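Below is one structure, written out as structure tokens; the observations come after it.
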Amino acid sequence: MAWLAALLAVAAAEVVFVLEVCRHGSRAPTDPTVCPWDQDGRWGNGWGELSPVGMRMHFLLGSELRQRYVLSQSVFDPEFNSTQIYVRSTDLNRTITSAQSQLMGLFPPPNGPTVSDSMGDVAVPPISVQKEANIVNALQNRALPFQFSSFPVHVFPYMSDFVLLPNAACYNLLLYTYASAEVQQAITNISLSNPWLLEGLQAFIPIQTEYIASNLTNIVDSIYCSQAMGFPLPAFSPELLNNATNIFNQIFSVYYQDDLYIRYGASWFFWDLVEHFEAVMQGTEPTKFRLYSAHDTTLAAFLAGLQVYDNKQPPFASSLIFEVSETNGDFSVQVLYNDVPLIIGPCKSAQCPLQTFTDYLRLRAFASENVCLPPSSQPWNDTKKSSSDSIVPDSGSSDLKWEAWVTIALCAVTLLLFLAACILSRSESAARKFESSQSSIDERVINFPKP
Amino acid sequence: MRLLCLLVLAASQVIQIIEVCRHGFRTPTAFYPWDTLWTNAPGELVPVGMRMHFLLGSELRQRYVVEESLLQPSYNASTAYFRSTDVNRTIMSAQSQLMGLFPPPTGPVLEVSLASIAVPPIHVEHLNDLVDGLQSKALPAQTQTVPVEVYPAAVDYELQPDSACYLLKQNIVALSPNFTQVALSNQFVYQTLLNSGYFPSNSTLLGKYKNVLDDLLINSQAAHQLPTAFSAPDFLGNVSVLFNQLFSLPYRDPWNARLFASAFFLDLKSQLQLIAGNHSFTPFRLYSAHDTTIAGFLAGLQVFDFKQPPFASTLIFETSRQSGQLYMRVIYNDQPLLIPTCPSALCPLQTFIDYLNYRSILNLSDICNTNSSIEWSTMEQPTSSESLTPGKGSTEAKWVGWLAVGLVCLVLLSGAILCIAAKQRRKEDCLPLMKEMDQSSSSVGERKIVNLAFR
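Going down the list, the sequences are from chains A and B.
Residue numbering for the first sequence follows my numbering, beginning at 1 and increasing consecutively.
Residue numbering for the second sequence follows my numbering, beginning at 1001 and increasing consecutively.
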């Protein structure tokens, strides 16, 4: 009897809102690599560009989501409807084209719009089109060939993309990533503690092992990229490749062991999630499907933020899906990472009450978004303010004041230094002391980070 | 003579296209009681608009790919750049146009043997059917996906200066008395609208006057039946004339025209200077925007006809090489424009670059958002500040400037204090140090000057 009730409850559950974060599909290496096999022009000029395989991955991903959320569940319309769908991407070709490919799977031809016969004469641009009759005849009533749709993918420049690229938008996180000596040391140690791997790779890449160590992620990434395109590679032993993958994952996941780093990486996204989940619960959320096209680092930070990260690099075209269902007015959320349902923090099962989940997201985000105060004025701030009361929105108007404060602070600090030098100079040779403090000042001028 | 002309034309070669376009046919940006026939939400691109841009892209392919071989027949990320305002209709217009420029089947293919690798890391229910249907095509019909870059309105000084530039926004608001005056100048239209019963008061009507007129014109273009209140003969003709008067109001002010166009002109100038300086450049650049954008650029060039640019309008900056010389042709909806200071519609590139420079406000972002005084360029002295971009660049410079000022101050100040302190003890020790300090502070000072020059 209980079994039947459970079945009925499941049957009544209806998916009402889906938010997906995905990684772009297979691509060329992001930068010129040190690997000899990449020197044969196999990537053309397209460092970092999405490959045909990557497009296909996302098209298939979109096709499957159509199967699940349009054909089986009717979460949103079978044709693209701009009021139901919102798509955003980081400002890189590969993520934008991945989103476009996935949308093509979600709304495949011929689900695009048509032009009524009477409007055929209006539907021309205000220039002369030489072969207009031929083209229009071939189109018949289709707006675009094959009755494709066109899709708006919204993009945020690096400097304002706090949700998907906090490692570029958040100045403090940027500093933290590149300046944390501990982390850098940990990465170097991982590479250097595997001489077997370095020597194994050296057989195929004739450069010094130190150089291989510092380029290890670049090399392994290059191998992945070529594998995904079926390009020829040297005859690596399976043990070497396994070992390389393990080390790569260790290095990749180093950052996501640190709670502060994780909060920098996930807070803005969590606030965004909270905003939409609350709107869903209040019945004010207009969109049914939101797609965020991003990177392995984005997904790793979000997974680590949810405390379910497996310390492996998310593969190409990975997807993290937040699927909100409603059962008789009760909302619950299921989180799927590459099809695997995740059990999150306080949730007792993979189907988690939405309110519990929202509270947990708040707990896992920073209390305030002032943590990223950028060095230069940013007249825009696209991140959505969290609805949490404790968060004081950054005014943004006090840029000048801020600069002035820094200047004053620097003045004060250096003045103190000089005064200290002067006082010291009374007891010893004034000239020598002054010289040393003078050189420290020069260093400050030279080493001050470029904003 | 005619033969000579033909020969000259034959010898010319287009080497770069920078296109600014308006989105295609859209729904009215707000709906009124009679707007019952639209299937799309307000302000969205409709299928007719997609078709417009597809045909536009097809024609550009004919001209610049088939005839001029400016681009390869298939998309190549390194030869093209696409940018749009952050609005659905402009992004979708760009996508539709690019489907015409790189139509299926010019998209990528992959080896059939890779089908098992080219799958996402989730279970795909009908995988075999899908993959069989695709064969070697990466995407259906071997279509091409293209990346269109987008800037949020608040920072889009180039394409949405009326959102990004605070001063321009204020200037447009300040025009509202003139606006009302023009609106009331046509009493026929005004009374017809007021008596239609759709607007509770004249202030409600005047508040959205331009929007209402735009709505009526779009409905008439779409052959939608309008309420009988608007059926008077010649009503729509009057609406059309009046709309253009209202639309063009902000562009009649030469100061506003510069605020509208400066950021784009500076970008355009830096692109053209790449060609003039024999550096590598992008052969095709597309900027998908609005009627206000194109009107602003035309007004900035002092060639605006004070009419709203129609849907899918194009403003094309075409750089060509003829017997070793570089030329610019500006073409607005197929019409070559005669730009001031140019001898003909075919303008020597450097003359055009100088003119762009002359028409631009160099410290635009300061002017837009603070009370800074204006930096004008002159024709004789083109600025060397290549890196001047509106927005972040100059504010960064400002920040560095502050720091530099601070550092100079404190070095001098501390030096003085130190020397006073030291003077009391050993006067002779201090002199060489003073010299050293002078040197160090003057080098910092130079840096400060350099940075400030970029503002």
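Heads up, the beta-carbon is just placed ideally off N, CA and C, and yes, glycines get one too.
Values in this document were obtained by computation on a predicted structure and should not be read as measured data.
Looking at the structure shown, is residue i part of a helix, part of a strand, or coil, going by DSSP?
i         : result
A:ARG42   : coil
A:ASP394  : With a pLDDT of 34 at A:ASP394, under the threshold of 50, the modelled position of this residue cannot be trusted; read the value that follows with caution. It is coil, neither helix nor strand.
A:GLN185  : helix
A:GLU14   : strand
A:PRO108  : coil
B:LYS1169 : helix
B:SER1096 : helix
A:GLU536  : Shown here, chain A extends from 1 to 451; a query on residue 536 of chain A therefore has no answer.
B:TYR1157 : coil
B:THR1319 : strand
B:GLU1044 : coil
B:TYR1151 : strand
A:LEU144  : coil
B:LEU1110 : coil
B:LYS1307 : coil
B:CYS1021 : strand
B:THR1036 : coil
B:TYR1327 : strand
A:PHE204  : coil
B:LYS1208 : coil
Please go through the same chain and pick out, in chain order, the residues whose beta-carbon is closer than 6 angstroms to the beta-carbon of residue i, but skip the five residues on each side of it.
i         : result
A:LEU400  : In this prediction, A:LEU400 has a pLDDT of 42, which is less than 50 and means its spatial position is unreliable; what the coordinates show is noted afterwards. Cβ neighbours of A:LEU400 beyond the five flanking positions: none.
B:LEU1056 : GLN1097 and ALA1312
B:TYR1251 : ALA1257, ALA1295, ALA1299 and PHE1304
A:ILE304  : According to the sequence displayed, residue 304 of chain A carries Ala and not Ile. Contacts found: TYR256 and ILE262.
A:SER89   : THR95, ILE96, ALA99, VAL153, VAL155 and SER293
A:ALA123  : VAL115
A:LEU336  : ILE321
A:ALA266  : ALA301, PHE302 and GLY305
With a CB to CB cut of under 7 angstroms and the five nearest residues on each side skipped, what residues in its chain are close to residue i?
i         : result
B:SER1339 : Here residue 1339 of chain B is Ile; the residue named in the question, Ser, does not match the sequence. The answer, listed in chain order, is LEU1301, VAL1303, VAL1330, CYS1347, PHE1352 and TYR1355.
B:ILE1294 : VAL1020, ARG1022, PRO1309, SER1313 and LEU1315
A:GLU49   : ARG27, ALA28, ASN93 and ARG94
A:ALA169  : TYR158, MET159, SER160, ASP161 and PHE162
A:ALA350  : GLN334, PRO341, LEU342 and ILE343
B:TYR1190 : ALA1183 and LEU1184
B:THR1341 : THR1351 and TYR1355
A:PHE231  : ARG42
Residues in its own chain within less than 8 angstroms of residue i by CB, not counting five upstream and five downstream?
i         : result
B:LEU1216 : LEU1226, PHE1230, LEU1236 and VAL1239
A:ILE247  : ILE190, SER191, ASN194, LEU197, LEU216 and VAL220
A:SER82   : PRO152
A:VAL129  : ILE135
A:ASN172  : TYR264, VAL371, CYS372 and LEU373
With 16 as the cutoff for other CB atoms within 10 Å, does residue i come out buried or exposed?
i         : result
B:GLY1197 : exposed
B:GLN1335 : exposed
B:GLU1044 : buried
B:PHE1054 : buried
A:LEU363  : exposed
B:ILE1018 : buried
B:GLY1277 : exposed
A:THR284  : exposed
B:PHE1188 : exposed
B:ASN1202 : exposed
A:LYS348  : exposed
B:ASN1363 : buried
B:VAL1212 : buried
A:GLN39   : exposed
TODO: Determine which residues of the region 1211-1231 of chain B have a Cβ less than 8 angstroms from any Cβ of chain A, and write them out in chain order.
DONE: GLN1221, ALA1222 and ALA1223
Open item on the list: To be precise: take each residue of the region 1054-1065 of chain B, compare its Cβ to all Cβ atoms of chain A, and keep it if any distance is under 7 angstroms. Which residues remain?
Closed with: PHE1054, LEU1055, LEU1056, SER1058, GLU1059 and GLN1062
Open item on the list: Residues of the region 1096-1111 of chain B in Cβ contact with chain A at a cutoff of 7 angstroms, in chain order, please.
Closed with: SER1096, MET1099, PRO1103, PRO1104, PRO1108, VAL1109, LEU1110 and GLU1111
- [ ] Counting only runs of 4+ residues fully inside the region 14-90 of chain A, write out the alpha helix (DSSP H) ranges in chain order.
- [x] 52-66
TODO: Taking only runs that begin and end inside the region 283-359 of chain A, name each unbroken alpha helix (DSSP H) of 4 or more residues, in chain order.
DONE: 296-305
TODO: Check distances from the C-beta atoms of the region 103-135 of chain A to those of chain B and list, in chain order, the residues that come in under 7 angstroms.
DONE: MET104, PRO108, PRO109, PRO113, THR114, VAL115, SER118, MET119, VAL122, ALA123, VAL124, PRO125, PRO126, ILE127, SER128, VAL129, GLN130, LYS131, GLU132 and ILE135
Task: chain A contacts from the region 1116-1130 of chain B (Cβ-Cβ distance under 8 angstroms) - done: ILE1117, ALA1118, VAL1119, PRO1120, PRO1121, ILE1122, HIS1123, VAL1124, GLU1125, HIS1126, LEU1127 and LEU1130
TODO: Pull out every residue of the region 310-335 of chain A whose Cβ sits closer than 7 angstroms to any Cβ of chain B, in chain order.
DONE: PRO315, ALA317, SER318 and SER319
TODO: Residues of the region 40-55 of chain A with a CB closer than 7 angstroms to any CB of chain B: list them in chain order, please.
DONE: ASN45, GLY46, GLU49, PRO52, VAL53 and MET55
- [ ] Output, in sequence order along the chain, the residues in the region 77-105 of chain A whose CB is closer than 7 angstroms to any CB in chain B.
- [x] SER82, THR83, ASP91, ASN93, ILE96, THR97, GLN100, SER101 and MET104
- [ ] With 8 angstroms as the C-beta to C-beta threshold (strictly closer), list the residues of the region 141-170 of chain A near chain B in chain order.
- [x] ALA143, LEU144, PRO145, PHE146, PHE148, SER150, PHE151, PRO152, VAL153, HIS154, VAL155, PHE156, PRO157, MET159 and SER160
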